[in-house]
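Please read the structure below before turning to the comments.
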Amino acid sequence: MTSLLELSFSAPPRVVYSAQQEYAAAEADQADRCPNTNFLKGVKWSPDGACCLTASEDNWLRVFDLPPEALATAEQEAGPSGRARPGEDNLAPCLRMHEGETIYDYSWWPRMQASEPATCCFATTSRAHPVHLWDACTGQLRATYRAYDAVDEVTPAASVAFSPDGAAVWAGYNRTIHAWDVGRPGRDYSTIVTHRKRQDGQPGIISCISFSPSGDLMAAGAYSGVAALYDPRSLEMLMTLSGHSGGITQVMFSKDGNYVYTGARKDCCIHCWDVRNSQEVLYTIQRNTPSTNQRIAFDIEPCGRHLVSGNESGELEAFDLRDGTLVGSHRVAEDTVNGFSFHPCLPLAAIASGQRRFPLDLADLPQTTLESEMMHMLLIVYLAISCSNL
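Put into structure tokens, the structure is as follows:
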């Protein structure tokens, strides 16, 4: 097996599995009026790498099992161009769950092992619903975690994440973060108030949450463009991080926990912050995401040397985390790549591509490329990352 320490991004990745038709518009009248009404909204591998989870505009969650022959397939050539045949699905979901409303965020339980069904679960949050805990083996709803507003009505979370030990589920709301004991669903929760009137803090809706590997730090981003670091044990805010022009859509710690990376919508910058030193940006990574409101996800490879992000041109861009320099860029889709996730232990990655398009947008496309554009905007692929000895 190829070591993850040998990952190189100089050669283009090869598609080995894809699911495109799975995300076609389900309703015939809707498909006639707007054929591209459905699109992917990200993808995440499970912690053990046995499967991946996607969310889409049709409010469905889909779980895809990794085929047992995936590594062997990835190491072989996939045709003359190194790609799976376009328009053909060679990967089908093993499970589908309908959330009923717009899906905002989702997160795997961090200690999941496919060999232990009790650990196979993930949390989601969606419009007008509490936080849901789903069984990833049966598709059944296991539990709900409910937060209430000032008039005692259930309020939906904008983001959700588990603590690294899996003991608590955290969710972001408007100027607050709530935390529940995973084993005690309901309305009993702890609260961090992130902003108060006439005081400094982190204003706005908490749009993303992430934990350091050790679990002693929590980073949260807000649509106000401000990120902050918290102590999850004392529920205390430690510092705020300001520097984005758009609402923050992702925060992620480095593998050693010493750095945190933040990305925002309608903002080409991914900022790197040294959490041990100061509140100043250490360096900035430039990606091609100037105009989209989508969450354009990035991920750090398992060995911690590179960060990879999609962009609005259908490309994957790889950056060296020592200084933020671009080390590789490859076209993998015909539309915006909004999701990217490294497999935790194999030289594979998952990609989600697509965006909402309206008839006026389609009319502006050249007729020769219209069919291709429609095909590729509903795409999830498994990639084999080319490797070489470094």
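1 is the number of the first residue of the sequence shown in the UniProt record's numbering; add one for each residue after it.
Glycine is no exception: its CB is placed at the ideal position from the N, C-alpha and C atoms.
In angstroms, rounded to a whole number, what distance separates the CA positions of residue 222 and residue 247?
Cα to Cα, the separation comes out at about 6 Å.
Buried or exposed: residue 18, going by 16 or more other Cβ atoms within 10 Å of its Cβ?
Answer is buried; the Cβ neighbour count reaches 16.
Measure the alpha-carbon distance for residue 326 versus residue 176 and round it to whole angstroms.
If I take the Cα positions, the gap works out to 36 Å.
Would you report the Cα separation of residue 125 and residue 214, rounded to the nearest angstrom?
Rounded to whole angstroms, residue 125 to residue 214 spans 25 Å at the Cα level.
Residues of its chain near residue 369, where Cβ-Cβ distance is below 6 Å and the 5 sequence neighbours each way are ignored:
Residue placement at residue 369 is poorly supported in this model, since its pLDDT is 42, which falls under 50; the coordinates are not used for a value here.
Would you tell me roughly how many angstroms separate the C-alpha atoms of residue 314 and residue 290, rounded to the nearest one?
So the alpha carbons of these two residues sit roughly 14 Å apart.
Look at the alpha carbon of residue 106 and the alpha carbon of residue 93, and state the distance between them as a whole number of angstroms.
Those two C-alpha atoms are separated by around 17 Å.
For residue 275 and residue 207, I'd like the C-alpha separation in whole angstroms.
The C-alpha of residue 275 lies about 20 Å from the C-alpha of residue 207.
For residue 310, write down the residues that DSSP places opposite it in a beta bridge.
Per the DSSP secondary-structure output, residue 310 pairs in a beta bridge with 316.
So which of 156, 352, 110 and 48 has the shortest CA-CA distance to residue 211?
Of the listed residues, the one whose Cα sits closest to residue 211 is 110.
For residue 196, the nearest candidate out of 254, 188, 205 and 209 (CA to CA):
Nearest of 254, 188, 205 and 209 to residue 196, Cα basis: 205.
For residue 116, the nearest candidate out of 268, 135, 104 and 244 (CA to CA)
It is 135 whose Cα lies nearest to the Cα of residue 116.
Neighbourhood of residue 160 by C-beta distance below 6 Å, restricted to the same chain and skipping five residues each side
If we look at residue 160 and ignore the five residues flanking it on each side, its Cβ neighbours are 105, 107, 123, 125, 131 and 171.
As a quick exercise: from 67, 64 and 297, pick the residue whose alpha carbon is nearest that of residue 336.
Residue 297 is the option with its Cα nearest to residue 336.
Which of helix, strand or coil DSSP assigns to residue 179
In the structure shown, residue 179 sits in a strand (DSSP, three-state: E or B).
Taking buried to mean at least 16 other C-beta atoms within 10 Å of its own C-beta, is residue 237 buried or exposed?
With 16 or more Cβ atoms within 10 Å of its Cβ, residue 237 is classed as buried.
One or two residues paired with residue 98 in a DSSP bridge
DSSP output for residue 98 lists 60 as bridge partner(s).
Do you know offhand how far residue 228's Cα is from residue 220's?
The alpha-carbon atoms of residue 228 and residue 220 are separated by roughly 5 Å.
Rounded separation between residue 260 and residue 10 - CA only
The straight-line gap from Cα to Cα measures roughly 26 Å.
Is the Cβ-Cβ distance between residue 283 and residue 324 less than 8 Å?
With contacts defined as CB atoms closer than 8 Å, residue 283 and residue 324 qualify as a contacting pair.
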